[in-house]
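Numbering (the working numbering), first residue to last: 1 to 333.
Idealized CB from N, CA, C, for every residue including glycine.
Owing to the predicted nature of the structure, the values given are computational and were not obtained by experimental measurement.
The structure appears right after this line, and notes come after that.
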């Protein structure tokens, strides 16, 4: 019976691979030379989701995820985290699959599994969001980095509801994530910035125009998302990345900030593909290891004092990274 239920869940809930292609979504990036490479990323997410939504044992899901190439494995873990978060919500919030995944085989991909929880949020009513993020005490960067779930929510909404989020630029309704409803739209915009990289097929000029079409007050967060996607997902040459940084103008440090997080996530997973190393080096002026050191030495640890009237710990960390990137090493590069 569990196997039959798993098959039914898979058939009912798993999106078709074609549904995430740029042509199917009507994205202008469908004609980009990078389209096929970029499309493999959401397709990997779907594969991870399909395995996570169907199979009962974590071991079965883990072994399937291990067959995915290292470049794409983190994205498959995103999909599995999404599936487990949905299943836990369907269990009335009593499920523990997400926690077991994030503390177990998903730990090296913790940045991306947070994002996968955000994908689940995009498919669940807000009443089920409470408790969707498990207590991960002892896991690095928790709870500070849990804002990546909101980033994932923003990405998903932009990718699948492009007219509302991108064309009409409808702002996100605040939600008290980590007790800070005021920051929720900003974190979601960071995910929108990542989505713009995909929607426009990693073409710097088109991505720049898309960011600049938004109100000024939203652009900093959009640009940091662009930098993260450009580095983690790739799809652009060194010349194109340099052009992107120049085009960002006063927001070039936001692009570099996104690249630092991308490099940190890649190194944590134990595999830094060539395009990610290139992104970090071009957008930050530092090596991957140096960029990761910046992130590690500026992180806001659990229990650190952060003023209640100021930005959340996540944004404090981001501000510290920006400041470090403006330092002597970045200027000398």
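Once DSSP output is grouped into helix, strand and coil, what is the label at residue 140? As a working note, residue 140 is residue 140 in the chain shown. Three-state DSSP puts residue 140 in coil, outside helix and strand.
Would residue 182 and residue 171 be called neighbours here (beta carbons separated by less than 8 Å)? As a position in the chain shown, residue 182 is number 182, starting the count at 1. As a position in the chain shown, residue 171 is number 171, starting the count at 1. No, these two residues do not count as a Cβ contact at 8 Å.
Considering only the alpha carbon of each residue, which of 190, 136, 215 and 279 lies closest to residue 204? Translated into the one-based positions of the chain shown, residue 204 becomes position 204. When each option's Cα is compared against that of residue 204, the closest is 279.
Can you tell me where the alpha helix (DSSP H) holding residue 266 begins and where it ends? On the chain shown, position 266 is the one that residue 266 refers to. Here the alpha helix (DSSP H) through residue 266 covers 252-268.
At what residue ranges does the segment 40-108 contain a whole run of the alpha helix (DSSP H), taking only runs of 4 or more? 58-65, 70-90 and 97-103
Out of 93, 111, 107 and 157, state which residue places its alpha-carbon closest to the alpha-carbon of residue 130. One-based indexing of the chain shown puts residue 130 at position 130. Here the closest residue by C-alpha is 93.
Between which two residues does the alpha helix (DSSP H) harbouring residue 133 extend? Counting from 1 along the chain shown, the entry for residue 133 is found at position 133. Looking at the DSSP string, residue 133 is not in any alpha helix (DSSP H), and its letter there is neither H nor E.
Which listed residue (157, 22, 16 and 17) has its alpha carbon closest to that of residue 201: Counted from its first residue, the chain shown places residue 201 at position 201. If we check each option's Cα against that of residue 201, 22 comes out closest.
Please state the DSSP three-state secondary structure of residue 8. Translated into the one-based positions of the chain shown, residue 8 becomes position 8. Here the model assigns residue 8 a pLDDT of 45, short of 50, so the residue's position is not dependable, and the following value carries that caveat. Three-state DSSP puts residue 8 in a helix.
Opening and closing residue of the alpha helix (DSSP H) in which residue 168 lies: Counting from 1 along the chain shown, the entry for residue 168 is found at position 168. Here residue 168 belongs to no alpha helix (DSSP H), and DSSP marks it neither H nor E.
Quick check: the segment 74-91 against the segment 102-119, are at least 3 beta-carbon pairs closer than 8 Å? yes
For residue 323, the nearest candidate out of 312, 314 and 298 (CA to CA): As a position in the chain shown, residue 323 is number 323, starting the count at 1. Per the Cα distances, 298.
By Cβ distance below 8 Å, which residues in the same chain neighbour residue 188 in space, the five residues on each side in sequence not counted? Reading the chain shown from its first residue, position 188 is the one you call residue 188. The beta carbon of residue 188 sits closer than 8 Å to those of 150, 151, 153, 154, 157 and 172, all from its chain and outside the five residues before and after it, given in chain order.
Taking residue 140 as the reference, which of 108, 164 and 160 has the closest Cα? The count along the chain shown starts at 1 and reaches residue 140 at position 140. Of 108, 164 and 160, the residue nearest in Cα terms is 108.
Is DSSP giving residue 195 helix, strand or coil here? Within the chain shown, numbered from 1, the residue matching residue 195 stands at position 195. The answer is helix: DSSP assigns residue 195 an H, G or I state.
Straight-line gap, residue 225 to residue 218 (C-alpha atoms, nearest Å): Here residue 225 refers to the residue found at position 225 when the chain shown is read from its first residue. Here residue 218 refers to the residue found at position 218 when the chain shown is read from its first residue. Computed Cα separation, rounded: 11 Å.
Contact check, residue 292 vs residue 270 under 8 Å by CB: the rounded distance? The sequence position of residue 292 within the chain shown is 292, counting from 1. The sequence position of residue 270 within the chain shown is 270, counting from 1. No, residue 292 and residue 270 are not in contact; Cβ-Cβ is about 12 Å, not under 8 Å.
Using the Cβ count rule (16 or more neighbours within 10 Å means buried), how would you classify residue 28? Counting from 1 along the chain shown, the entry for residue 28 is found at position 28. For residue 28, the number of other beta carbons within 10 angstroms of its own is below 16, and it is reported as exposed.
Relative to the alpha-carbon of residue 242, which residue among 233, 232 and 256 has its alpha-carbon at the smallest distance? Counting from one through the chain shown, the residue named residue 242 turns up at place 242. Closest option to residue 242, Cα to Cα, is 256.
Looking at the structure shown, is residue 182 part of a helix, part of a strand, or coil, going by DSSP? One-based indexing of the chain shown puts residue 182 at position 182. In the structure shown, residue 182 sits in coil (DSSP, three-state: anything other than H, G, I, E or B).
Just mark residue 179 as buried or exposed, buried being the case when its beta carbon has 16 or more other beta carbons within 10 Å. Against the chain shown, residue 179 aligns to sequence position 179. Counting Cβ neighbours within 10 Å, residue 179 comes out exposed, since fewer than 16 surround it.
How should residue 312 be labelled, buried or exposed, when 16 other C-beta atoms within 10 angstroms of its C-beta is the threshold for buried? The residue given as residue 312 occupies position 312 in the chain shown. With 16 or more other Cβ atoms within 10 Å, it is buried.
If residue 112 and residue 265 are in contact, beta carbons under 8 Å, what's the gap, nearest whole angstrom? Within the chain shown, residue 112 is the residue found at index 112, counting from 1. Within the chain shown, residue 265 is the residue found at index 265, counting from 1. Yes, they are in contact, since the Cβ atoms of residue 112 and residue 265 sit about 7 Å apart, within 8 Å.
Quick one: is residue 127 buried, meaning 16 or more other Cβ sit within 10 Å of its Cβ, or exposed? As a first step, residue 127 must be located in the chain shown, where it is residue number 127. The residue in question, residue 127, is exposed, as its Cβ has fewer than 16 Cβ neighbours within 10 Å.
Residue 238 classed as buried or exposed, judged by whether at least 16 other C-beta atoms fall within 10 angstroms: Locating residue 238 in the chain shown gives position 238, counting from the first residue. Residue 238 is exposed by the Cβ-count criterion.
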